[in-house]
Amino acid sequence: MARLGFADSDAASRGWLAVASTDIELLYITALAADPDQALRSLARLVTAQNPSQAAGLVAALENSPEFARRLTLVLGASAALGDHLVSHPEEWRQLEDLNLMSVRPTAAGITAELTSAQDRDELRLIYRRLLLRLAARDLSLALRVDDVAAELADLASGAIEAALLLARHEVGTSADSCRVSVIGMGKCGAQELNYVSDVDVIFVAEVAEGFAETAALKAATSVASAMMRICSDHTSEGTLWPVDAGLRPEGKSGPLVRTIKSHASYYDRWAKTWEFQALLKARPIAGDRELGQRYMEVISPLVWSAADRVDFVTDVQAMRRRVISQIPTGEVARQLKLGPGGLRDIEFAVQLLQLVHGRSDTSLRSPHTLQALEALTQGGYIGRDDGAALSGAYRFLRTLEHRLQLSQLRRTHIMPANPDALRVLGRSIGLTTSPVESLDKQWRQHSNEVRRLHEKLFYRPLLEAVAAVPSGEIRLTTKAARQRLEALGYVDPVAALRHLESLTLGVSRRAAIQRTLLPAMLGWFAHAPNPDAGLLGFRQLSDALGSTPWYLRMLRDEGASAQRLAQLLATSRYATDLLMRAPDATGLLAHDQDLLPRTADALVHEARSAAARYSDPAEAIGVVRALRRRELLRVAAADVFGLIDIQAVGAALSDIARATLEGGLAAAQASAFPSRDDPLPTRLAIIAMG
Numbered sequence: 172m173a174r175l176g177f178a179d180s181d182a183a184s185r186g187w188l189a190v191a192s193t194d195i196e197l198l199y200i201t202a203l204a205a206d207p208d209q210a211l212r213s214l215a216r217l218v219t220a221q222n223p224s225q226a227a228g229l230v231a232a233l234e235n236s237p238e239f240a241r242r243l244t245l246v247l248g249a250s251a252a253l254g255d256h257l258v259s260h261p262e263e264w265r266q267l268e269d270l271n272l273m274s275v276r277p278t279a280a281g282i283t284a285e286l287t288s289a290q291d292r293d294e295l296r297l298i299y300r301r302l303l304l305r306l307a308a309r310d311l312s313l314a315l316r317v318d319d320v321a322a323e324l325a326d327l328a329s330g331a332i333e334a335a336l337l338l339a340r341h342e343v344g345t346s347a348d349s350c351r352v353s354v355i356g357m358g359k360c361g362a363q364e365l366n367y368v369s370d371v372d373v374i375f376v377a378e379v380a381e382g383f384a385e386t387a388a389l390k391a392a393t394s395v396a397s398a399m400m401r402i403c404s405d406h407t408s409e410g411t412l413w414p415v416d417a418g419l420r421p422e423g424k425s426g427p428l429v430r431t432i433k434s435h436a437s438y439y440d441r442w443a444k445t446w447e448f449q450a451l452l453k454a455r456p457i458a459g460d461r462e463l464g465q466r467y468m469e470v471i472s473p474l475v476w477s478a479a480d481r482v483d484f485v486t487d488v489q490a491m492r493r494r495v496i497s498q499i500p501t502g503e504v505a506r507q508l509k510l511g512p513g514g515l516r517d518i519e520f521a522v523q524l525l526q527l528v529h530g531r532s533d534t535s536l537r538s539p540h541t542l543q544a545l546e547a548l549t550q551g552g553y554i555g556r557d558d559g560a561a562l563s564g565a566y567r568f569l570r571t572l573e574h575r576l577q578l579s580q581l582r583r584t585h586i587m588p589a590n591p592d593a594l595r596v597l598g599r600s601i602g603l604t605t606s607p608v609e610s611l612d613k614q615w616r617q618h619s620n621e622v623r624r625l626h627e628k629l630f631y632r633p634l635l636e637a638v639a640a641v642p643s644g645e646i647r648l649t650t651k652a653a654r655q656r657l658e659a660l661g662y663v664d665p666v667a668a669l670r671h672l673e674s675l676t677l678g679v680s681r682r683a684a685i686q687r688t689l690l691p692a693m694l695g696w697f698a699h700a701p702n703p704d705a706g707l708l709g710f711r712q713l714s715d716a717l718g719s720t721p722w723y724l725r726m727l728r729d730e731g732a733s734a735q736r737l738a739q740l741l742a743t744s745r746y747a748t749d750l751l752m753r754a755p756d757a758t759g760l761l762a763h764d765q766d767l768l769p770r771t772a773d774a775l776v777h778e779a780r781s782a783a784a785r786y787s788d789p790a791e792a793i794g795v796v797r798a799l800r801r802r803e804l805l806r807v808a809a810a811d812v813f814g815l816i817d818i819q820a821v822g823a824a825l826s827d828i829a830r831a832t833l834e835g836g837l838a839a840a841q842a843s844a845f846p847s848r849d850d851p852l853p854t855r856l857a858i859i860a861m862g
């Protein structure tokens, strides 16, 4: 037993005797479970719970079908709670014997139909657990992606709420006929990315049925909604489903449980806070009157996608994330998969902020689903390809861990265990069979560190505040309106400016997509400088020169204040613009202050002389020296424009550049006149500066 991986050999031997099988292959299959001891212990309990003929049938099924044995032992080894469910309902093991289980994914409509056949609360819970058992078997067999699992869990929740709503209407009686009720899923349920165990967040919308008074109808709707919540959350002989939480509704728990669409819209127009619009990003009708739910979405959606116009929107969202982290108990911060730094919330907040800012003009970003939104942000150029892939991979990994942790006891948890035995089981449950504890810890730390790095990069991107500051109505304009807007910003030749904008943004290339992200902010930055027209022209010319260079647009999108600095430089100094046109690679200097500080005279002279001395052709040598001069002049000009150095430092730096240029020129002349580098020079020469 020990060689097979059982921790308690004596208990495992007793369990195997209780199973009463002579098929050694079944024992080997059981040993492959995440927790072999738990799997065998639960299997023995399940066999014992049957009557003799049923027990013989179960053992025969296990021996005759390795696939069924694998599914059952995977479930038993990963979930003690589902093991208890099977022991309490001994006939339910046959659900995992179904030949179609692994090949046919249930539809949302099929799930709802099965759940709504329930005649009472207990039957609803039993059907729900049955469907959950089938899903867990497919999940633990690694036959589903984690996003497919989450979507099916959301379908299960939606179907259960639909069933509970029917039971609630029956419970309330004829007064329920006075109202139409729609249940709007929020959070992970609304986004179809639900966990195994989670509160289901909802908002209720009601409408008065024809011929009834509004006051009585809303009272009945409130009774229906309250009954539905109790049906889901009450503990019965078959346990509970999950709490239904309506706390995200207008005014929270202080507000009415049920509102009309008009009342919802009035609240969001006048009183809603930033976080409420972020929450509404996940809204989706999940049960009840679908036509009413769709009308609610049509009213709410424009409010969500203009939320970034609010004053301090970006800083409010950023502050909210910091507040979430500050409220985590100190002992849990490092092990929080969901809320902690490098956790799921870091990914979700970054994605949602980018969606809400850029989704005002780009409808492709308006998915409530995190992974779909992340893919759209990557495809649209708002996130780099490597960054998008890293975040998607980390999100799937962290969600898989979260699912496995919750599946164990069917309890809500997001805390990574500290116990090595628990970590071993968790690692094995996601397919890590070699050194599961070490492998799990390594992968988790790698993903967590990468998520935190990318969160800081994307969530605090300076470009976000600048783009959010552009009103929604000005992001997409007609040609006439755009020309008027450019005139108002101070562009002398708005027609030419429009041509430049069209050249930069035309087409479906990734380059054009990133330009469309940058330009709303760039236009404003140009307008705050002395010559907006020259700035935009220079930006077009520089982009033409560097547009196919991978780092250029990526730097402007991601790296600190680079884009704003470039706009200021191009619209302030024609001289600096000319230098950039002749040395476009020097744009990379703009990213960091330290790169713009003048270099020492000794460093410049050494570089100039060394570069020139490498060429015997004086034309080539002096060309290298001139390139060095242009780069250093740009460095000083940029530092001057940005106020990083005073006028005395500018003069000293320009003198040092002139000296280095002369030294380089002299080295080029010497290399040409005296090509033998081993012989000493026959003369000494000094250049005396004047003026």
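In terms of my numbering, the sequence shown is residues 172 to 862.
C-beta atoms are modelled at their ideal positions from N, C-alpha and C, and glycine is treated no differently.
Check: Taking 8 Å as the cut-off, does the stretch 744-757 touch the stretch 786-806 (at least 3 CB pairs, one atom from each stretch)?; Outcome: yes
Check: With PRO607 as the anchor, note down where its alpha helix (DSSP H) starts and where it stops.; Outcome: 607-630
Check: CA-CA distance, ASP440 and ASP480?; Outcome: 13 Å
Check: In the DSSP assignment, what are the bridge partners of THR201?; Outcome: Looking at the DSSP assignment, THR201 forms no beta bridge with any residue, so it has no partner.
Check: Would you kindly work out how many angstroms separate the C-alpha atoms of SER619 and GLU364, rounded to a whole number?; Outcome: 20 Å
Check: Just verifying my parser: in three-state terms, what is the DSSP assignment at ALA875?; Outcome: In this structure the chain extends from 172 to 862, so residue 875 is not present and cannot be described.
Check: Check this for me: beta carbons of LEU536 and GLY559, under 9 Å apart or not?; Outcome: no
Check: Kindly indicate which residue of SER579, GLU268, GLY695 has the alpha-carbon position closest to the one of VAL368.; Outcome: SER579
Check: Round the Cβ separation of PHE375 and SER349 to the nearest angstrom and send it over; I've been treating them as touching at under 8 Å.; Outcome: Contact flag wrong, Cβ pair sits at about 15 Å.
Check: Going by DSSP, what residues sit across from ILE282 in a beta bridge?; Outcome: Paired residues: none, contrary to the question.
Check: Since I believe LEU657 is in contact with ALA668 (beta carbons under 8 Å), could you give me their beta-carbon distance rounded to a whole number of angstroms?; Outcome: 5 Å
Check: Write down the C-beta distance between PRO769 and ALA810 rounded to the nearest angstrom, noting that I regard them as a contact closer than 8 Å.; Outcome: 7 Å
Check: Grab the span of the alpha helix (DSSP H) containing GLY835 for me, first residue to last.; Outcome: 818-844
Check: Take ALA191 as the anchor and find which of THR854, ARG212, PRO414 has the nearest alpha-carbon.; Outcome: ARG212
Check: Based on the DSSP secondary-structure assignment, which residues constitute the bridge partners of GLU378?; Outcome: ARG351
Check: Taking the alpha carbon of GLU342 as the point to measure from, which residue in THR386, ILE282, ALA396 has its own alpha carbon closest?; Outcome: ALA396
Check: With a 10 Å radius around its C-beta and 16 neighbouring C-beta atoms as the bar for buried, classify GLU155 as buried or exposed.; Outcome: Residue 155 lies beyond the residue range present for the chain, which begins at 172 and ends at 862; the question has no answer from this structure.
Check: Just tell me which of LEU217, ARG216, ASN222, ASN235 has its CA closest to the CA of GLU196.; Outcome: ASN235
Check: Is THR571 helix, strand or coil by DSSP?; Outcome: helix
Check: Using the Cα positions of GLN266 and TRP476, report the straight-line distance between them to the nearest angstrom.; Outcome: 44 Å
Check: Identify the residues that DSSP records as bridge partners of ASP372: which are they?; Outcome: ASP416
Check: Provide the residue span of the beta strand (DSSP E) that contains ILE554, from first to last.; Outcome: Per DSSP, ILE554 belongs to no beta strand (DSSP E) and is neither H nor E.
Check: On a CA-only basis, which of GLU621, GLN819, TRP264, VAL596 is nearest ALA202? Give me that one, please.; Outcome: VAL596
Check: Name the residue from ALA325, GLY709, PRO721, ALA762 whose alpha carbon lies nearest to the alpha carbon of ASP749.; Outcome: GLY709
Check: Nearest by alpha-carbon distance to ALA322: which of GLN543, LEU675, ASP533 is it?; Outcome: GLN543
Check: Where do the N-terminal and C-terminal ends of the alpha helix (DSSP H) with THR793 fall, by residue?; Outcome: Looking at the sequence itself, residue 793 is Ile, so the reference to Thr does not match. Per DSSP, ILE793 belongs to the alpha helix (DSSP H) from 789-812.
Check: How is ALA458 classed by DSSP in three states: helix, strand or coil?; Outcome: strand
Check: Measuring only the C-alpha atoms, how far is VAL354 from GLU447?; Outcome: 17 Å
Check: Count the other C-beta atoms from every protein chain shown that fall within 10 angstroms of the C-beta of SER826, then say buried if there are 16 or more, exposed otherwise.; Outcome: exposed
Check: To the nearest angstrom, how far is it from the Cα of ALA240 to the Cα of ARG401?; Outcome: 38 Å
Check: Look at the Cβ atom of ALA289, then the Cβ atom of SER346, and state whether they are nearer than 9 Å.; Outcome: no
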